[in-house]
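Shown next, in structure tokens, is the structure this report addresses.
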Amino acid sequence: MDDVKRAVRERYAARARANAPERQECASPACCDSGGAGCQAGYSPAELAEVPIGAGLGLGCGDPTAVAALREGETVVDLGSGGGIDCFIAARRVGPAGSVIGVDMTAEMIDLARRNAREGGYGNVEFRLGELEALPVADSVADVVISNCVVNLVPDKPQAFREAFRALKPGGRLEVSDIVTLGEPPQALRDSVDAYAGCLAGASPKEGYLADIAAAGFEDVRVTEERPFADEDDSTLAMLVDDLGLAGRLSPEQARNAAGLFASVHVSARKPVG
1 MDDVKRAVRE RYAARARANA PERQECASPA CCDSGGAGCQ AGYSPAELAE
51 VPIGAGLGLG CGDPTAVAAL REGETVVDLG SGGGIDCFIA ARRVGPAGSV
101 IGVDMTAEMI DLARRNAREG GYGNVEFRLG ELEALPVADS VADVVISNCV
151 VNLVPDKPQA FREAFRALKP GGRLEVSDIV TLGEPPQALR DSVDAYAGCL
201 AGASPKEGYL ADIAAAGFED VRVTEERPFA DEDDSTLAML VDDLGLAGRL
251 SPEQARNAAG LFASVHVSAR KPVG
């Protein structure tokens, strides 16, 4: 797991450095990690237009703020905040009386997000370095916990959900977008550290993902949206074979079948009041 965490940090540190002001290799809403499905997935043009130009890295698989029904004055914690796109969208929803805390384990991402916050004038957003299995937030501080395609990267997912539960106030909401599996991917993919850092090898079976949330203490756990991970052209297959270092380890047919075994889901849940 140390190798996995190291690979994840290195991959996302590189993305943060590529999006630094002096480079801006991924500064437009059209930028993608792989060029395939999931590029700025779920965000409206209006949302993308209102955030700092360096905040959207094309790394998510949904828009958890779109269904979180955020209200003025609420406190939001974002698990795996990256460049800060979801934090900045949430900040506008909760207003000056509310607050947003972004948590990320990659120092370069925290630096990028803080820079974006300064440049965008977001006084109600802060970013903290930390892991999802040990959130650097107090108990019962959040009205809403959100996450966008990050829990799949966490080796100990049950602990991440227990930490989200701890951070929420009684009656607080969990709104997460993530990648899950609908079947068992090939072992070559499961064994690939690059595929883990690419949000696939560490993905849980959908029912197991929901069970982990319920086991953490949440109630009313439900999938509110589900869509295939694979796109209609072959860019997802290219990512599986080339970007994830699986050339020669997966045949074209195996890659095509594997792409169909993943889905992007949005899951909602609630911490009991009593």
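Read in order, the letters of the sequence shown are residues 1 to 274 in the working numbering.
We put the beta carbon where it would ideally sit given N, CA and C, even for glycine.
Quick caveat: nothing in here was measured; it's all calculated off a predicted structure.
Excluding five sequence neighbours on each side, which residues of the same chain lie with their C-beta closer than 7 Å to the C-beta of residue i?
i	result
valine 4	Pro155, Val193 and Tyr196
glutamine 159	Glu133
glutamine 254	Pro186
threonine 65	Asp86, Ile89, Ala90, Arg93 and Ile146
alanine 188	Leu246, Arg249 and Leu250
glutamate 72	Val94, Gly95, Ala97 and Gly98
alanine 142	Thr75, Val76, Val77, Ala167, Leu168, Lys169 and Gly172
asparagine 284	The chain is shown only over 1 to 274; residue 284 falls outside these bounds and no answer can be derived.
If you measure from the beta carbon of residue i to each beta carbon in chain D, is any gap under 8 Å?
i	result
leucine 79	Checking the listed chains, one finds no chain D in this structure; it contains a single protein chain.
Ignore the nearest five residues each way along the sequence and tell me which others in residue i's own chain have a CB closer than 8 Å to its CB.
i	result
alanine 135	In the sequence on display, residue 135 carries leucine and not alanine. Answer for leucine 135: Val77, Leu79, Val103, Glu163, Ala164, Arg166 and Ala167, listed in chain order.
glycine 171	Arg270, Lys271, Pro272 and Val273
proline 96	Gly123 and Asn124
arginine 190	Ala201
What residue range does the beta strand (DSSP E) around residue i cover?
i	result
glutamate 175	168-181
alanine 203	Element bounds for alanine 203: n/a, residue is neither H nor E.
asparagine 148	142-148
alanine 269	262-270
glutamate 133	First-last for glutamate 133: undefined, no H or E at that position.
valine 125	125-129
For the alpha helix (DSSP H) containing residue i, list its first residue and its last residue.
i	result
alanine 216	Alanine 216 -> no alpha helix (DSSP H), and no H or E assigned at all.
valine 8	2-18
leucine 189	187-190
glutamate 253	252-259
Just mark residue i as buried or exposed, buried being the case when its beta carbon has 16 or more other beta carbons within 10 Å.
i	result
glycine 82	buried
alanine 247	exposed
valine 273	exposed
alanine 30	Interpretation of alanine 30 is limited by its pLDDT of 30, a score under 50 that renders its predicted location unreliable; the figure taken from the coordinates is listed afterwards. So alanine 30 counts as exposed.
threonine 224	exposed
arginine 222	exposed
arginine 6	exposed
arginine 15	buried
arginine 11	buried
aspartate 220	exposed
alanine 138	exposed
alanine 216	buried
alanine 214	exposed
serine 268	buried
aspartate 242	exposed
glutamate 131	buried
alanine 69	exposed
Got a sec? Which residues, its chain only, sit under 6 Å from residue i by beta carbon, not counting five neighbours each side?
i	result
aspartate 212	Lys157, Pro158 and Phe161
serine 99	Thr75 and Asn124
glycine 198	Leu244
valine 8	Leu153 and Ala197
arginine 227	Ser264
threonine 106	Arg9, Tyr12 and Ala13
arginine 23	Because arginine 23 carries a pLDDT of 37, less than 50, the predicted location of this residue cannot be relied on, and no value is offered for it.
Check: How about the region 162-178 and the region 120-127: do they share at least three Cβ pairs that are nearer than 8 Å?
Finding: no
Note to self: Threshold first: 4 residues or longer. Then list the alpha helix (DSSP H) segments lying entirely within the region 67-107, N to C.
What the structure shows: 85-94
Check: Can we say the region 200-211 touches the region 108-123, given the rule of at least three CB pairs closer than 8 Å?
Finding: no
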